[in-house]
Structure formats: C-alpha cells, structure tokens
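Numbering (UniProt numbering), first residue to last: 1 to 364.
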C-alpha cells in the first residue's frame, strides 16, 4: 500500500459551498447571486439546431490509428495542433463498461445529501464530493457538483472517498479506469511518434503517471443564460478523456475566438490536450480553453478521466521539441508546484499556464 502522503493529494483545497443539486431540488427557480455570472462571462445559450457543430472537430478512428493508419495519424497531428480537441470512435472500450460507468455516476448523485456528504472533500485533500477551484468567499460559483477521485495506481487510492454503499460502484470504476488507461497510453504513443521519437518517448519524459476521475453533475437551471456549468479553463494534465452524456450537450471549446458546442456522438470519447503536453511539446500541441453550459430542462452528467505525472516531476519542454526555429517557450517547474498554483485560484482560461511557465518574449 502507498504511504499516507501518497493517499492525500496535497494539491490544495476548495472552500466548502452548498450543493447546487440540492439547491435546485429545494427550489427549481432559485438562482443565488453567487451563481449569476458577470455580463462579460455569461454564455450565449445556443440553439441546438444551428449551433456551430462538433462535426467540424476531428473524429479519429482509434482502431485504425492503433494499426498505424497514415490518414488517422495525420488527423491526430492536425487535431492536437489546430484544435486541441478531437473525438475518438472504435476505441475498443466495451459498451457495457461505458454504460456501467455512467450508471455508477448517476447512482452517486441520486443518493440523499446526507449520504453524499459522507464522501465530502476533507482538509487539504482535493479528492471527494464538493466543488473545485473555490478560492474565495466572494467569487462566482460553477453550476456544478463533482466527485474527484485518484483511480490509478491502485495503491494510492483513498477509498474513504469511494461510495462503497452503491452496488457495483468500485467495480465500474475499476473496469473503466483500466480501459481508459489503455486508450490514453496508445494515444500518447502515437503522439510520441509524431514528435519524432519512438513510441515510449513521452512516457520516458513524464515517467509513471497517475489517473484521476472527475465526475460532474450539472443540474438544470431556470436561467442558463446567467450561469456557467464550469468556467473556461484548460486542463493541467497530459491528456483528458471525456465521457459525455449521449443525450444532453453541454461542452463548448474555444476555437478561433468562437465557442463551439461539442455535440455527443454515441459511445465516442472526447479527448483533449492538457497543459503538460503543451509544455512537453514546447507549444507544438495546444491545450484549449473549454467550458460547460447548462440548460433549463435536463441534468447533465459527464466523466473526465485525466492522465497526470507524479507530483515530483519537473515539467518543461523536451529536447526534441526545441531548436533554432522553435526556441524554448516554457520554463521548468515541479508539477506539484504548478498544481498548487492552479488549485489556489479560480479558473481563468489559460492564465495559469501563461502566468507561471510561458516565457515572455518580444516575439510572442
């Protein structure tokens, strides 16, 4: 088993705030001031029939990519350079595993509040049930409740945050986390090849990885034009695999200064580049701002599975990504210090990366 230090994330903490789900249960029309965004931050809720479509976003056949198909490899390169997001189909994760994972998340959020609070965030540990990135008593809040768990490797799991009263909860996570890890590792192997290395090139750079899951619950909102499910941000990881709600869109990505709705594709997984991969690739591949919006009629569930380095890794551009034509764009920093910087503040797009590691120059 891991040490107690390993079992506590020690990345900082988020202030305790009321459950949005309970707020809506008690009064579906309630909209406390802390959730009403400033005018500049309010979303334009899209007409689903005419919204800019996710079908502009690259869709990659994972089975072909894993076989070395040149067209799919080129699509992956384009997706990581120009979009930072793509969807994968034929990823090999059994539909039964996807359905049981989604059912486990739904079962958790169907628990009474008293039961959910048994798994609430505690002390400095970022894991557990609550909200994230709440750094002050007066900041605007996300219209979202979440559960954050470190899921791999097994020995550093902190099972006190796992809802063991839900039949099949742990088994669903075990099975999905294993499948998601295989997908993430294959994607990183292909990205290594695109960066001019062998398949293990990236893995040698970031070493062992942890896997964590963020389970999100977005209640319906009587005024979705005034709130944000999750504020714009980029992900502080290597890559993220997002399992969307097949029926309820909500993810938007910023592309060429426009917010594009990522409409779900049945059983597809949305993948995005994280800050760590942007840093390792010296800006060749981009982590992209994204956010979640809400709607009036339906709750939305999603699951973000993230691949992260160990805390002690020093992140910085890899040698193969720096040359006379592409000088070093990022400084080095211990990954734990980067996480602590981020989690001590509210989400602010890509400001965290730009303010900590991006090297300012007259050419940028």
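Even glycine gets a Cβ: it sits at the ideal position worked out from N, Cα and C. All of these numbers come straight from a predicted model, not from anything done at the bench.
At a Cβ-Cβ threshold of 8 Å, residue 236 and residue 342 count as neighbours. As far as DSSP is concerned, residue 131 takes part in no beta bridge. Residue 192 is a Cβ neighbour of residue 199, given a cutoff of 8 Å. Bounds of the beta strand (DSSP E) holding residue 89 are 85 to 89. Between the stretch 321 to 337 and the stretch 254 to 265 there are fewer than three C-beta pairs closer than 8 Å, too few to call the two in contact. In the three-state reduction of the DSSP assignment, residue 205 falls in the helix class, which pools H, G and I. DSSP places residue 233 within a strand segment (E or B) once states are collapsed to three. Shown here, residue 356 sits in a helix according to DSSP, grouped into three states. Residue 279: member of the alpha helix (DSSP H) spanning 275 to 280, first to last residue. Inclusion of residue 239 and residue 194 in the CB contact set at 8 Å is not warranted, their separation being larger than that value. Bounds of the beta strand (DSSP E) holding residue 147 are 145 to 152. When secondary structure is reduced to three states using DSSP, residue 61 falls in the strand class.
For residue 101, the secondary structure class from DSSP, reduced to helix, strand or coil, is helix. For residue 177, the enclosing alpha helix (DSSP H) begins and ends at 169 to 194. A contact between stretches requires three or more CB pairs, one per stretch, nearer than 8 Å, and the stretch 222 to 232 fails this requirement with the stretch 267 to 287. For the pair residue 86 and residue 253, the CB atoms are not nearer than the 8 Å cut-off. Following the DSSP letters along the chain, one finds residue 252 inside the beta strand (DSSP E) bounded by residues 251 to 255.
Non-local beta-carbon contacts of residue 95 in its own chain, meaning distances under 8 Å to residues more than five positions away in sequence, involve 267 in chain order. Rounded to whole angstroms, residue 127 and residue 183 show a C-alpha spacing of 24 Å. Contact check for residue 330 and residue 357: beta-carbon distance about 4 Å, within the 8 Å limit, so the pair qualifies. Around the C-beta of residue 249, 16 or more other C-beta atoms lie within 10 Å, and the residue is accordingly described as buried.
For the 8 Å CB-CB criterion, residue 142 and residue 229 form a contact. A Cβ-Cβ distance of about 7 Å is found for the pair residue 243 and residue 102, placing them in contact under the 8 Å criterion. Shown here, residue 116 sits in a helix according to DSSP, grouped into three states. Taking the CA atoms as reference points, residue 281 sits about 19 Å from residue 351.
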